[in-house]
Structures are given as C-alpha cells and as structure tokens.
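Counting from 1, one number per residue, gives the positions in the sequence shown under the UniProt record's numbering.
Note that the Cβ used here is the ideal one computed from N, Cα and C, for glycine as well.
Note sheet for the following structure.
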Amino acid sequence: MGAAGVPLVPGYHGSEQDIELMKSEADKIGYPILIKPTHGGGGKGMRIVQSPNEFVDSFLGAQREAAASFGINTILLEKYITKPRHIEVQIFGDKHGNVLHLYERDCSVQRRHQKIIEEAPAPNVMNDFRSHLGQAAVSAAKAVGYHNAGTVEFIVDTVSGQFYFMEMNTRLQVEHPVTEMIVGQDLVEWQISVANGEPLPINQSQVPLLGHAFEARIYAENVPKGFLPATGVLHHYRPVPVSPTVRVETGVEQGDTVSMHYDPMIAKLVVSGENRAAALVKLKDCLSKFQVAGVPTNINFLQKLADHRAFENGNVETHFIEHYKDDLFTDPNNLTRAKETYDNARFSATLVAACLCEKEHSAIKSSLPGTNGLLPIWYSHPPFRAHYQASCTMELEWENEYDGSSSEFFTFSITYQSDGNYLIETEEVNSPGLEVKATLLHDQDFRVETDGVSMDVSLSAYSKDKIKHIHLWHGSHHYHFRQKLELDLSDDNEIQQKTNFETALHPPGTVVAPMAGLVVKVLVMDGTKVEEGQPILVLEAMKMEHVVKAPFSGHVHGLQVTAGQQVSDSSPLFSVKGE
1 MGAAGVPLVP
11 GYHGSEQDIE
21 LMKSEADKIG
31 YPILIKPTHG
41 GGGKGMRIVQ
51 SPNEFVDSFL
61 GAQREAAASF
71 GINTILLEKY
81 ITKPRHIEVQ
91 IFGDKHGNVL
101 HLYERDCSVQ
111 RRHQKIIEEA
121 PAPNVMNDFR
131 SHLGQAAVSA
141 AKAVGYHNAG
151 TVEFIVDTVS
161 GQFYFMEMNT
171 RLQVEHPVTE
181 MIVGQDLVEW
191 QISVANGEPL
201 PINQSQVPLL
211 GHAFEARIYA
221 ENVPKGFLPA
231 TGVLHHYRPV
241 PVSPTVRVET
251 GVEQGDTVSM
261 HYDPMIAKLV
271 VSGENRAAAL
281 VKLKDCLSKF
291 QVAGVPTNIN
301 FLQKLADHRA
311 FENGNVETHF
321 IEHYKDDLFT
331 DPNNLTRAKE
341 TYDNARFSAT
351 LVAACLCEKE
361 HSAIKSSLPG
371 TNGLLPIWYS
381 HPPFRAHYQA
391 SCTMELEWEN
401 EYDGSSSEFF
411 TFSITYQSDG
421 NYLIETEEVN
431 SPGLEVKATL
441 LHDQDFRVET
451 DGVSMDVSLS
461 AYSKDKIKHI
471 HLWHGSHHYH
481 FRQKLELDLS
491 DDNEIQQKTN
501 FETALHPPGT
511 VVAPMAGLVV
521 KVLVMDGTKV
531 EEGQPILVLE
541 AMKMEHVVKA
551 PFSGHVHGLQ
561 VTAGQQVSDS
571 SPLFSVKGE
C-alpha cells in the first residue's frame, strides 16, 4: 500500500508472532497500541493496550478470540489514534482493469468496536478530502489487481486531518445498502456481473450522488450491561413498513428465538432523504415505530444517539458514545431527569391499565353481542369486582431498560364509568385521577384519549415464568411493564406490598452470568482472595469474550464452573464474601 501512495498507520504486520518480538514491536510503535486479528472483522479480537504491562494478557486474549471466530490467530499491531473517525470507501473493480469508487461511508459511531449507525456520504467532509479519499481507495485496489466488490477502510485523525489505510474487506459489507441508496445502484447485481466477467456498467464520472442515507443496526443486546448480547424469544416483532426510502433487512420473524450461537443483530433499518437533515428525521421516525419485545434491544439507545445534538451536527468520532455517555445513559443522580422519566412511565402505565381493561371489555362484548358492557360476568371474574360500578385494582412493575438497576411499582384503582371511559386513580399524594377513553382499533393497536389529547398506541403482552410482560409503544416512547399472573382482588385499602421478584433470587455477593455463553477460562480457584474488579473467569458468547470480575474485595466461594462448560443467562457462577 505504501508503494502505491496509500497512507499507512505506523504498525507491525509481520507473520512472526513470537510474543517477545511483538512486545518489542509495540515498544517501537509507542503506546497506546491497537491489537487486532489479521482476518475477520466486526471488532472481534480487537484490544486497546495503554501500557506495556497490559500487553501479554491482551495479546493472548486477542489470539484466542481470533482463533474462535476466524480459525486463524495471526495478530497485527498499529498505533492507536486517540480521536479517530472510521470512514470507508466502497470500491468496485472488474476483470478489464476498471476500478471506481462509490463514495464513502462514515461508520464512526460504534460500541465494543462494532458499528451501530452508518451513513453515506460522510458528514462534514470537504469535496477535496472526499476526492483524495476516493482516489486513495482506488489506488489501493489497483495496487493488488483487485476485481469485484470491496471496502477500503480508513482511520481519520480528527486532530491532524490526516487519513490512514486500515484494511480492505474483500466483500460487500453489512452497511452496503446506504451506498446503494445514494448512488441508485444495485451492488449485489454489480457483484454478480463482475464475477461473470462483465465490465462495470458506468465509469467514475457517471457515479451519481443522490442525497443522504443512514443505516441503524438493531441488536438483541442489554445496553445497561455494557451492550452484552441477549438471547430469548421474539414474542413481538413488528418492523416499520418499507418504501422506496425505507428498507428493512432482517432474518427473523415473530416467534423466532435469538440464540447465543449467532450474531445478535436481528435487523438493519436503512433510510434515505434528499439531504442529511431529511434522512435523519426519517431515521428517528422509523426507530420510534420499530417494535420488538421478548428480548432487550438497542432501539431506545439508537433513538438517543439520533437525537443527540452532536450527532445531529455530524460531529462524530469512534469515541462518541464514551464521550457523551452522561447524555446517552441514565444518571440516577440527575433528579430532574429521573423525575421526568418516572412521570412518563407512570403515565404510560395508566395507558396500559386502560388498554388492558378495554381489551377484556371488548372481548366480552364480542362474545355476548347486544350488551352494554356492564355485564354480570365482569363482577364475578377478574379483573373486575362487584361494586355499584365495575372496578378493579391493578399493579404494574416498570422495568427501566436504560437504568437496569431499579424498578417501580404502580398500583391503580380502575373504575369503568357509564360513558365508557376509565377513571384511573393512584394512591400517590398530589396525583389526581386520570380519565382515559380507550378504543381497540385492531388486535394490539389502540386509540386513547385523555385530557382532550388523542394518541395511537400499540400494546403487546406475553407470559414468561409466571409473569405477564406488557410492552407499550406511543410516540417515541417504549415502556416495559411486568405483572404477576396471580391477581389479588382484595379491597383497595389492602394492596399487598410485593418485592422485586428478580433481586431476591440469589444471596448477596452472588455473581450471575451476564448472558448465556461458554466458559472459556477460569482464572482463580475457589477460596482465592480477590480484589474488587479482579477478573475471575472469561465467558464467550457469539464469538466474543467477556471478562467476569469480582464485584468487591473478598474470598471467592461456590466456584463450580469449569472451562468448556455452557452456562445460561443469569445462572449463578460464584459468590464473593467480604472480609
């Protein structure tokens, strides 16, 4: 690449992998160092090493992960750019010597070294820079006589403005649809034609640039737990409708199981617009309407990213999430935001209560035509009781999927009124009752009206482990509530206090598996004295390693798992007893 005039990051790319040699090369390059496999992609096996005393463990871990993911454990070293952008160029070459580029994609917004939002063309890029970048990508392809689809990836130093060659992926990538959107071409068709020996259909001067496009990757993952992959059943799966400017590429459907044996990405949402602002508005709208329940996803997090002012302005770099973590993650110490979140959840719980009652009400009226809804059956079967007006109590537990550390219980007294509305009251002080009109539109879709404001909402409910899970979508909000299946119909003044059923499952100090996976390595023995944050064992899920650490200082007890053992999500691994 260097001989072809393509800028290179200082590093070591040799075949000799002796650990002492690698340590020496790292010292020559200078820390911080980026360790990554020579084969594969997706951030698997990548490690950032800040100092020499971290090098050996990081190098060996990267080799193990590379071998597990790609079957080859060869590692390369590069100087780590502290404030980089990740910009890649889509190129195509045919067997007649023609090579062209189809502009660039910005893939800077990442977590765990994996892309989550890509866009084309890259924002805040001058035309001269774009031209030089494209020409460097073409030069890289010509230097190796490349033909077919390829992606030339560059790291851009936002401090110096320089760009450097990282690697070339000799295939169409996950994010290729954003390029298709802005050039109006079918790249899969191009790939087949070129492989057939046909020349490229257009030349460089004929490549159009049509507006702007975004791709958001929808992952089954637990955002509050560090984006760990999640497994489970897709009890509800409703992607947004497709159109000429909206694409949804997915390999799952409602009822499918997301397994630990595959990548956690369940869909790609791709949108386009006449410019970046228009495309971003469409991305936000589609994310708010993309419904998944049964496994935690990153959809709400993607909404926060898209809404962030820096992202709106196109000021992106690979540390974007870390840099703006205070904005993107819930801060329990921010009392103003916490109260706003709580109030929104309570209002949403009120809507859930009204919709659940209306769904049962509608079912009874459908089974007994000609009735007015005030039926004797309501007074003898849950959730309604025998009073002069049909009424019930309902308790909902709100699970904050951003915070992940707490839950709230909402207890409602619900009265069905003669006009068909529901009066929903709580025991909270200074919290007046809310009158809600709920109309079932179709299956899981409702129109609710309260205080003169009408809105359309969607409701999904399913049962798991004797718990009813209820998901509500309205506007840009998605809330997850839980309800015990055993209904308590005691008087309103005798509402039972319930504990969080998850927090009492294991004794204090127990460390559970953060996800289903394979135990790769156990680093200590039972009874070992450990310090807070000390690695205890290594889990592998979806071909990525996750280190499980001691939550505090003490002695390890009950360590019964061994290397090679499969563990399920939330199963106990060991406990730490303080001194």
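By Cβ distance, which residues of its chain are closer than 8 Å to TYR103, with the 5 residues on each side in sequence left out? If we look at TYR103 and ignore the five residues flanking it on each side, its Cβ neighbours are VAL89, GLN90, ALA120, PRO121, ARG130, GLY134, THR179, ILE182, VAL183, VAL207, LEU209.
Using the Cα positions of LYS521 and CYS392, report the straight-line distance between them to the nearest angstrom. Between LYS521 and CYS392, the C-alpha separation is close to 53 Å.
Would a check of beta-carbon distances place GLY2 closer than 8 Å to chain D? As a matter of chain content, chain D is missing from the structure shown, which is built from one protein chain.
Could you please give me the residues that DSSP links to ARG247 through a beta bridge? According to DSSP, ARG247 bridges with VAL270.
Under 7 Å from any heavy atom of the ligand SAM, does the C-beta of PRO208 make it? By its list of ligands, the structure shown contains no ligand whatsoever, and the ligand SAM lies outside what it can speak to.
Just to confirm, are SER288 and SER458 a CB contact at a threshold of 8 Å? In this structure, SER288 keeps its C-beta atom at 8 Å or more from the C-beta atom of SER458.
I'd like the span of the alpha helix (DSSP H) that includes ILE321, first residue to last. Residue range 320 to 323 is occupied by the alpha helix (DSSP H) that includes ILE321.
By alpha-carbon positions, which one of GLY314, ASP343, LYS325 ends up nearest to THR426? Ranking GLY314, ASP343, LYS325 by Cα distance to THR426 puts ASP343 first.
Under the assumption that VAL436 contacts VAL448 (Cβ atoms under 8 Å), give the Cβ distance between them as a whole number of angstroms. Correct: roughly 6 Å between the Cβ atoms.
State whether the region 269 to 283 contacts the region 234 to 251, with contact taken as three or more CB pairs (one from each stretch) at a distance under 8 Å. Touching, yes, given that three or more Cβ pairs across the two stretches are closer than 8 Å.
Over the uninterrupted beta strand (DSSP E) stretch that includes ARG471, give me the two end residues. Here residue 471 turns out to be His, not Arg, going by the sequence shown. Here the beta strand (DSSP E) through HIS471 covers 467 to 474.
Keeping to the same chain, check which residues put their C-beta closer than 7 Å to that of GLY433; ignore five residues upstream and five downstream. Closer than 7 Å at the Cβ level, and outside the excluded window around GLY433, lie LEU423, ILE424, GLU425.
Could you round the C-beta distance between VAL524 and VAL567 to whole angstroms and report it? I think they count as a contact, below 8 Å. With 8 Å as the limit, VAL524 and VAL567 do not qualify as a contact, their Cβ atoms being about 17 Å apart.
Any idea if VAL159 is buried or exposed, counting beta-carbon neighbours within 10 angstroms, 16 or more meaning buried? It counts as exposed.
Looking only at its own chain, which residues have a Cβ that is under 7 Å from the Cβ of GLU175, when we skip the five neighbours before and after it? Only ARG105, CYS107, LYS115, GLU118, GLU215 meet the Cβ criterion.
Going by DSSP, which residues form a beta bridge with SER463? Bridge partners of SER463: LYS468.
Just curious, the beta strand (DSSP E) that LYS577 is in, first and last residue? Annotation for LYS577: the continuous beta strand (DSSP E) segment containing it runs 572 to 577.
Using a 10 Å radius around the Cβ and a threshold of 16 neighbouring Cβ atoms, would you call VAL188 buried or exposed? It is exposed - the Cβ of VAL188 has fewer than 16 other Cβ atoms within 10 Å.
Give every residue of the same chain whose Cβ lies closer than 6 Å to the Cβ of GLY564, excluding the five residues on either side of it in the sequence, and list them in chain order. Nothing meets the Cβ criterion.
Any idea what DSSP makes of ASP451, helix, strand or coil? Three-state DSSP puts ASP451 in coil, outside helix and strand.
Excluding five sequence neighbours on each side, which residues of the same chain lie with their C-beta closer than 7 Å to the C-beta of PHE70? The beta carbon of PHE70 sits closer than 7 Å to the beta carbons of PRO37, HIS39, GLY40 from its chain, once the five residues preceding and following it are set aside; these are given in chain order.
Bridge partner(s) assigned by DSSP for HIS546: The partner list for HIS546 (beta bridge, DSSP) reads LEU539.
If you run the structure through DSSP and keep just helix, strand and coil, what is VAL281? Three-state DSSP puts VAL281 in a helix.
Ignore the nearest five residues each way along the sequence and tell me which others in GLU198's own chain have a CB closer than 8 Å to its CB. Closer than 8 Å at the Cβ level, and outside the excluded window around GLU198, lie ASP94.
Using alpha carbons as the reference points, say which of GLU249, ILE364, VAL99 lies closest to SER205. By alpha-carbon distance to SER205, the top candidate from GLU249, ILE364, VAL99 is VAL99.
Three-state secondary structure (DSSP) of PHE129: Correct three-state label for PHE129: helix.
Please state the DSSP three-state secondary structure of PRO10. In this structure, PRO10 counts as coil in the three-state DSSP scheme.
Between the C-alpha atoms of VAL295 and PHE412, what's the straight-line distance to the nearest angstrom? Spanning the two alpha carbons is a distance of roughly 27 Å.
If you scan the region 163 to 241 from start to end, which runs of the beta strand (DSSP E) of 3 or more residues do you find wholly inside it? Scanning the region 163 to 241 from its first residue to its last, the whole beta strand (DSSP E) runs of 3-plus residues come out as 163 to 169, 212 to 219, 236 to 238.
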